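For the sequence shown, my numbering begins at 1335 and goes up steadily by one.
No residue lacks a Cβ here, since even glycine has one placed at the ideal position from N, Cα and C.
Values in this document were obtained by computation on a predicted structure and should not be read as measured data.
Data block below; observations after.
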Amino acid sequence: MSDMNGRVALITGASSGIGRATAAAFAEKGASVVVAARRQDELDSLVAEIEAGGGQATAIRTDVAVAEDVKRMVARAIEAFGRLDYAVNNAGIEGRWAGITELDEDEWDRVLDINLKGTFLCMKYEATAMLAGGHGKAIVNIGSVNSFLGFPTGSAYVTSKHGLIGLTASVSAELASQGIRVNLVCPGFIDTPMHHRARATIGDEIYDKGVLPQVHLRRTGRPEEIAQVVVFLCSDEASYVTGTTLTPDGGFTLTI
Ligand code: NAP
């Protein structure tokens, strides 16, 4: 992949897991990175790590469900680095697993506010800055295999991730003619804190004997393997890819 020197990438949910690995992967390609999430300490340690490796990074505490926070986040990218080329809308929560009769309205709202409305707010202000600056090249949203598949007790999370397909396709259609590609990455089971929480709920035995045999590659993915897919979709090598989904899931989705 061509290098990204002089370009600027913004990553939400960069304090952990897939987002953190994605920020590091952009920095390795030479991009300056803006990292956002709610936990400032985790962001500060990531910035220190990137700077120690010779890269450039800045952190901004952001709750993606709050419009004012998202506006400030995008403004920070422009203040710090003068432009915005790539945006990765990765921040997300799984919420509390609960069947439909047990699921509280507040919990439904919390999951939808962060995963779906948060992605809308991010794209709204990212696209505004990209169009104003004339540098925007690509936006990647992070869905899930649950953008295609439901499961019991997962209705809020699954709905939020299904919604990202429509949101991504619509915004791609709006922005393509202005030079901004928009795609959705739908990971399978990836070794992150979110994965460990989900695994603790179902139990290791069910995961190892019931779930992993349905993954063609028979293993959990690494955050760095998703990061590489995201960086590719942002790169100039993906110049004809927009409005679509890419599913790095080790072969899970087509098994069932
Ligand atoms: P993770 O380790 O729990 O990381 C989630 C990230 O989102 C954290 O950095 C968290 O940071 C941030 N976040 C949560 N709520 C936020 C908010 N309101 N505002 C800003 N940031 C927020 O989980 P992960 O596995 O890396 O998940 C990343 C994305 O991948 C999510 O969208 C998830 O749905 C998706 N995904 C994960 C898997 C998997 O198996 N791991 C599979 C499919 C899809 P703070 O807590 O500091 O805010």
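Cutoff 7 Å; reference VAL1398; Cβ partners in own chain excluding five residues on either side: THR1346, VAL1404, ALA1425, ILE1448, GLY1452, LEU1455 and CYS1456
SER1478 CB to nearest heavy atom of the ligand NAP below 7 Å: yes
Between the CA atoms of ILE1394 and GLU1460 - distance to the nearest angstrom: 15 Å
Backbone secondary structure at VAL1479 - three-state DSSP: helix
Exposed unless 16 or more other CB atoms sit within 10 angstroms - verdict on ASN1480: buried
ASN1475 and THR1502 closer than 8 Å at C-beta: yes
Local Cβ density within 10 Å of ASP1443, reported as buried at 16 or more and exposed below that: exposed
In DSSP terms, what ILE1345 is bridged to: VAL1369 and VAL1422
Beta-carbon proximity check, GLY1544 vs GLY1584, cutoff 8 Å: no
Own chain partners of SER1349 with C-beta closer than 6 Å, once the 5 adjacent residues on each side are dropped: ALA1371, ARG1373, GLU1376 and LEU1377
Segments assigned beta strand (DSSP E), at least 3 residues, entirely inside the region 1442 to 1525: 1472 to 1476 and 1515 to 1519
The alpha helix (DSSP H) enclosing ILE1394, as first and last residue numbers: Run containing ILE1394: none in the alpha helix (DSSP H); it sits in the beta strand (DSSP E), 1391 to 1395.
Where GLY1484 falls, given that 16 or more other Cβ within 10 Å makes a residue buried: exposed
Inter-residue spacing [alpha-carbon to alpha-carbon] between ASN1339 and PHE1360: 10 Å
Three-state secondary structure (DSSP) of THR1356: helix
Between the CA atoms of ASN1423 and TYR1574 - distance to the nearest angstrom: 20 Å
Spatially closest choice to ILE1524 from LEU1546, PHE1482, HIS1469 and ALA1414, by CA coordinates: LEU1546
Pair within 8 Å by beta-carbon distance, ARG1531 and GLU1441: no
Limits of the unbroken alpha helix (DSSP H) element including GLU1640: Given that the chain is displayed from residue 1335 to residue 1590, the structure contains no residue 1640 and the question cannot be resolved.
Three-state secondary structure (DSSP) of LEU1551: coil
ARG1372: CB within 7 Å of a non-hydrogen atom of the ligand NAP: yes
Beta-ladder partner(s) of THR1579, from DSSP: LEU1518
Nearest-angstrom Cα separation, counted from ALA1466 out to ARG1640: Since the first residue shown for the chain is 1335 and the last is 1590, residue 1640 is missing from the structure and cannot be characterised.
ILE1427 beta carbon near the ligand NAP (any heavy atom closer than 7 Å): yes
Neighbour-count burial assignment, SER1569, 16 or more Cβ in a 10 Å radius: buried
GLU1413, DSSP secondary structure in three states: helix
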